[in-house]
DNA sequence: CCTACCGATCGGTAGG
DNA sequence: CCTACCGATCGGTAGG
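Protein chains in written order, with the UniProt record's numbering: chain Y, 1 to 196; chain P, 1 to 196.
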């Protein structure tokens, strides 16, 4: 019996209070970005003053890094599980895309949205975040390499295009006639090219 | 003989000084975002103090809106010209994509990059920018509607995916083995599906 | 967890 | 175009 993280990707260890603060912070970062979220904003939602948060966290930067890494850990596991249920390379890719969009488009999504534009985050921290994200994206390298693509498609470009496509859906998606799974299906339909 | 804007999309009327300041501001906004660029930063590059800029502009917000609108005006014209040289629907789309990527990936690009994440910009101004961008995107509605796509592809989703794909290339593209035109060709190759 | 505060930075202005 | 400044806001801390 392996330990399973909850959907939001925050470990459930530690004091409930800290955990609650992390959830609030994640939601605000996702909605308003790193610079657009002040410690006082987070405090307000938690019912305390901004300065009081420093009993639970070291700094705003460390808080963001922790949230970002937890989100990617959880996403990585969920995607890996979904991929493992399929054998066909295109089915495996579709499973990965559907899972990723489920995570990013969940209405209460605490996790990934907007953790992609790192220009707001101070330089030194940014490199840390980019390194973690690159590790995550390696998961897709294997999936793309297994595809039988037409030879005119460059696999490296193809992978970058697919990932940026997936990471950017939250910018324009509004819950309406199509579900996250529908969008994932459309993306895979577009990116699907069999080498015949 | 119609008046032609320069590639950077800033009208060449008015005092050269103001024009120079606009160019500097555009470059900084593109590199560091709206909130990441202070008026003092712009002043420093221009060789004056931040406060002195207000002789040439009304406010930071008005400055950004002016730059954004000029960039879209110029892009709109260049894309329209490129599209008009082709008759085949897929060739027209490819011409549009190539032109747009040329603009966004130009090494000194003052114009469009990063003028896409509007979360940094204050609410009231944001609506203005979004409205202008929507008008620009209508250009692509016509191009997509002219395609003979397989019926399982939703044209509205398809258009959103294509546009977000084009707008996001600057986030990961590094000048290397592939040119902007190469990337455009890869994107069109992926998005190309003939209804057979 | 609050009070009370720090040094820094922001957009913007008056007055010359 | 500068000097000198405004009110606001920021991340963070000391001391209780």
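Just so you know, even glycine gets a beta-carbon here, dropped at the ideal spot from N, CA and C.
Less than 6 Å between C-beta atoms, sequence neighbours within five positions excluded: which residues of the same chain meet that for residue i?
i                      : result
residue 43 of chain P  : 49, 50 and 53
residue 130 of chain Y : none
residue 5 of chain P   : With a pLDDT of 44 at residue 5 of chain P, under the threshold of 50, the modelled position of that residue is not reliable, and no figure is offered here.
residue 102 of chain Y : 180
residue 243 of chain P : No statement about residue 243 of chain P is possible, as the shown extent of chain P runs from 1 to 196 and does not include it.
residue 167 of chain Y : 116
residue 153 of chain Y : none
residue 1 of chain P   : Reliability of the predicted coordinates at residue 1 of chain P is poor, the pLDDT of 38 falling under 50, and the value obtained from them is presented with this limitation in mind. Contacts found: none.
How many Å lie between residue i and residue j at the Cα?
i                      : j                      : result
residue 3 of chain P   : residue 139 of chain Y : Unreliable placement is indicated for residue 3 of chain P, whose pLDDT of 40 sits below 50; the coordinate value is still reported in the next sentence. Answer to the nearest angstrom: the Cα atoms are 51 Å apart.
residue 136 of chain P : residue 87 of chain Y  : 42 Å
residue 184 of chain P : residue 56 of chain P  : 38 Å
residue 201 of chain P : residue 39 of chain Y  : No answer is possible for residue 201 of chain P: it lies beyond the span of chain P, which begins at 1 and ends at 196.
residue 58 of chain P  : residue 174 of chain P : 36 Å
residue 126 of chain Y : residue 151 of chain Y : 35 Å
residue 132 of chain P : residue 122 of chain P : 16 Å
residue 77 of chain P  : residue 100 of chain P : 11 Å
residue 97 of chain Y  : residue 163 of chain Y : 9 Å
residue 32 of chain P  : residue 85 of chain Y  : 42 Å
residue 158 of chain Y : residue 141 of chain Y : 10 Å
residue 191 of chain Y : residue 172 of chain P : 19 Å
residue 197 of chain Y : residue 118 of chain Y : Because chain Y here runs from 1 to 196, residue 197 of chain Y falls outside it and cannot be looked at.
residue 104 of chain P : residue 189 of chain P : 20 Å
residue 161 of chain Y : residue 161 of chain P : 11 Å
residue 182 of chain P : residue 145 of chain Y : 21 Å
residue 106 of chain P : residue 107 of chain Y : 37 Å
residue 195 of chain P : residue 156 of chain P : 17 Å
residue 177 of chain P : residue 134 of chain Y : 21 Å
residue 81 of chain P  : residue 81 of chain Y  : 49 Å
State the DSSP-derived secondary structure class of residue i, mapped to helix, strand or coil.
i                      : result
residue 195 of chain P : coil
residue 164 of chain P : helix
residue 156 of chain P : helix
residue 16 of chain Y  : helix
residue 56 of chain Y  : coil
residue 123 of chain Y : helix
residue 179 of chain P : coil
residue 48 of chain P  : coil
residue 102 of chain P : helix
residue 116 of chain Y : coil
residue 35 of chain Y  : coil
residue 142 of chain Y : helix
residue 89 of chain Y  : helix
residue 174 of chain P : coil
residue 147 of chain Y : coil
What does a CB cutoff of less than 7 Å around residue i pick up in its chain, not counting 5 residues either side in sequence?
i                      : result
residue 25 of chain Y  : 42, 63 and 67
residue 79 of chain Y  : 96, 99, 100 and 139
residue 165 of chain Y : 187
residue 35 of chain P  : 120
residue 60 of chain Y  : 39
residue 193 of chain Y : 149, 150 and 153
residue 69 of chain P  : 132
Leaving out five residues before and five after residue i in sequence, what residues of the same chain have Cβ atoms less than 8 Å from its Cβ?
i                      : result
residue 20 of chain P  : 46
residue 143 of chain P : 83, 89, 92, 93 and 96
residue 17 of chain P  : 56
residue 128 of chain P : 65
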